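Visitor: Our numbering puts the sequence shown at residues -17 to 407. Don't be surprised by glycine CBs; every beta carbon is placed ideally from N, CA and C. As the structure is a prediction and not an experimental result, all values here were calculated from the model.
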Amino acid sequence: MDWQRLEKIMTETRRDLHRYPEGAWTEFRTSAVVAVRLEELGYSLTVGLDTVDPSAVMGRPAQAEVEARIKRAKGQGGNPAWIDKMRGYPGVVAALKTGRPGPVISLRFDMDCVDVDEADSPGHRPNQEGFASVNPHACHACGHDAHVAIGLGVAEVLMERKDSLTGEIRLVFQPGEEGCRGGYAMTQKGVVDGSDYFLTLHIGGGVPSGVFGLNALGHLPTTKFDVEFTGKPAHAAGAPHEGRNALLAAASAALALHGIAPHKDGATRVNVGVLNAGTGRNVIPGKALMKAETRGETQETADYVYSRAQEILKGAAAMYGVEVETVKTGAGTDARGDAALVKKAGEAARETGLFREIRETVQAGGSEDATWMMRRVQENGGQALYMALGSDIRAPHHNGCFDIDESAMLPGVKILTALVEKLGG
Ligand SMILES: [Zn+2]
Ligand SMILES: [Zn+2]
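1. Do the region 327 to 342 and the region 134 to 145 make contact, defined as three or more Cβ pairs closer than 8 Å?
2. My assumption, with CB atoms under 8 Å, is that cysteine 121 sits in contact with cysteine 162. Please give the rounded CB distance.
3. Could you check what DSSP says for valine 48 in three-state terms: helix, strand or coil?
4. On the CB-based measure, 16 or more other CB atoms within 10 Å of its CB, does aspartate 316 come out buried or exposed?
5. Measuring straight from C-alpha to C-alpha, what distance separates lysine 144 and alanine 6?
6. Report the start-end ranges of each beta strand (DSSP E) in the region 52 to 102 that is 3 residues or longer and not cut off at the edges.
7. Do leucine 202 and glycine 278 have their C-beta atoms closer together than 9 Å?
8. Could you tell me whether the region 342 to 356 touches the region 297 to 317, where touching means 3 or more Cβ pairs closer than 8 Å?
9. Per DSSP, which residues does alanine 352 bridge with? Please list them.
10. For asparagine 369, which beta-bridge partners are listed by DSSP?
11. Looking at glycine 406 and isoleucine 87, is the spacing between their C-beta atoms short of 9 Å?
12. Looking only at its chain, what residues have a beta carbon closer than 7 Å to the beta carbon of glutamine 345, apart from the 5 residues adjacent to it on each side?
13. Using the rule of at least 16 other Cβ atoms within 10 Å of the residue's Cβ for burial, across every protein chain shown, is arginine 69 buried or exposed?
14. Lysine 206 and lysine 310: beta carbons closer than 9 Å?
15. Using CA atoms only, rank isn't needed, just tell me which of Ala218, Leu323, Gly135 and Tyr166 is closest to threonine 261.
16. Just to confirm, are proline 108 and glutamate 4 a CB contact at a threshold of 9 Å?
17. Rounded to whole angstroms, what's the CA-CA distance from alanine 221 to threonine 308? Just pull it up for me.
18. What would DSSP say about lysine 246, mapped onto helix, strand or coil?
19. Looking at C-beta atoms only, is the number of pairs between the region 266 to 286 and the region 250 to 257 that lie closer than 8 Å three or more?
20. Identify, in the order they occur along the chain, each residue of the same chain with its Cβ nearer than 6 Å to the Cβ of isoleucine 132, setting aside the five sequence neighbours on each side.
21. Between the Cα of leucine 183 and those of Asp385, Tyr368, Ile294 and Gln(-14), spot the shortest distance and give me the residue it belongs to.
22. What number of angstroms, rounded off, separates the C-alpha of serine 26 from the C-alpha of glycine 176?
23. Distance check for alanine 243 and leucine 295, CA to CA, integer angstroms please.
24. Give me the residue from Gly135, Ile65 and Val98 with the minimum Cα distance to isoleucine -9.
25. Please report how far the alpha carbon of leucine 147 lies from the alpha carbon of valine 98, in whole angstroms.
26. Within its chain, find whatever has a CB closer than 6 Å to the CB of alanine 38; leave out the 5 residues flanking it on each side and keep chain order.
27. Grab the span of the beta strand (DSSP E) containing glutamate 339 for me, first residue to last.
28. Whole angstroms are fine: how far does the CA of glycine 81 sit from the CA of phenylalanine 155?
29. So, helix, strand or coil for glutamate 159, using DSSP?
30. CB of histidine 201 to nearest heavy atom of ligand 2: below 8 Å?
31. What do you reckon, is the C-beta of cysteine 124 under 8 Å from a heavy atom of ligand 1?
As structure tokens, then:
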């Protein structure tokens, strides 16, 4: 393998994706870039609607927005034939079947960007070097552009070495990780079923360049949900008693949600992030929309805080005589890496000789929906691992000034391919 050439291609890929970032469930150009490359390499592919269970999809934008994003993806150079094959849902699953007996190993790479504007400051490297986002309110501020570049790098190395591999290798390019929207639908479709091993990693996350974390722990089980309160508009002076005030119901609920009692068995989190209500100054507000999320340290404490939240929403609605409807827009669970796999990953990381420090565990912030895939594989008797690929970063994740250290990507390819070879025996 010509590593220098591979690193150059990966950097170009990452910068191309960085320039054209796409949010959850709209990663059509990104998926097309992945599909074109993997087909060239000789992988057999499943794309789009064939990679998700549509009844398990959460937080997908309205159809009109999806269609507008498909049009944009084609306008920005996304291969139209592949995009049409996706039938409205991004996502790519590639298989390399060696024809020799051996384990099934699935690797997952997430593809979406963050809904944030990229910094326009001249000191921000994507501006200096001409690969800043051209899509408004969309920025690869979590490093998933690097994940896709690493995934394609892994694909190239494994295909070159296919004659010495055994079993089957599956590469899962997942839409909608942000807000935990895509992982569950892919899991329910069965894309990781039959896997003996499941591997994934995240770049950055507070771990600096040259450091590798074998076992990222502490992903918080979470539920994201939209709440719609429907009351009855009325004249604010002439007939206020005939109105039913959705704004007050939502406002009362927001305060009460933040007052949910903590749980003795672990930390919980609640956030009401958006609250919109009302139509006019002199009208009793008939509608209110809330976007909120709950998290817990364990699935049990997360379930506790979510079910309390639902009771509060119903209670606040009853208090003001309005209707309330909740729609889940995302969810993640918890999963722990398997000790045997942590050990193998440690051996592989040491053998690459690329890391100045290897940490047994690192604490992940936030939530992650690869946990559904990990759980599924573990429940079926397989092993799973979530690793942390160190990278110096210029600003915190999800901030418009975020940028990764591109030299951290190649070590990511080397550790993943080394681990696959170790597991494939
Ligand atoms: Zn993120
Ligand atoms: Zn991320």
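Guide: With the given structure in hand:
1. Here the region 327 to 342 makes no contact with the region 134 to 145; the two share fewer than three CB pairs at distances below 8 Å.
2. Cysteine 121 to cysteine 162, Cβ: 19 Å. No contact.
3. helix
4. buried
5. 32 Å
6. 74 to 79 and 86 to 92
7. yes
8. yes
9. Per the DSSP secondary-structure output, alanine 352 pairs with nothing in a beta bridge.
10. According to the sequence provided, residue 369 is methionine. The question's asparagine does not apply to it. Answer is Leu183.
11. yes
12. Leu199 and Gly200
13. exposed
14. Yes, these two residues count as a Cβ contact at 9 Å.
15. Ala218
16. no
17. 29 Å
18. Residue state, collapsed to three classes: coil.
19. yes
20. Apart from sequence neighbours up to five positions away, the residues of its chain that approach isoleucine 132 with a beta-carbon distance below 6 Å are Met391, Gly394 and Val395, ordered along the chain.
21. When Asp385, Tyr368, Ile294 and Gln(-14) are compared, the shortest CA-CA separation from leucine 183 is found for Tyr368.
22. 17 Å
23. Cα-Cα distance, rounded: 15 Å.
24. Gly135
25. 41 Å
26. Tyr166, Ala167 and Gln170
27. 339 to 341
28. In a straight line, the C-alpha of phenylalanine 155 is about 23 Å away from that of glycine 81.
29. Of the three classes helix, strand and coil, the one that applies to glutamate 159 here is coil, per DSSP.
30. no
31. Yes, Cβ of cysteine 124 sits closer than 8 Å to a heavy atom of ligand 1.
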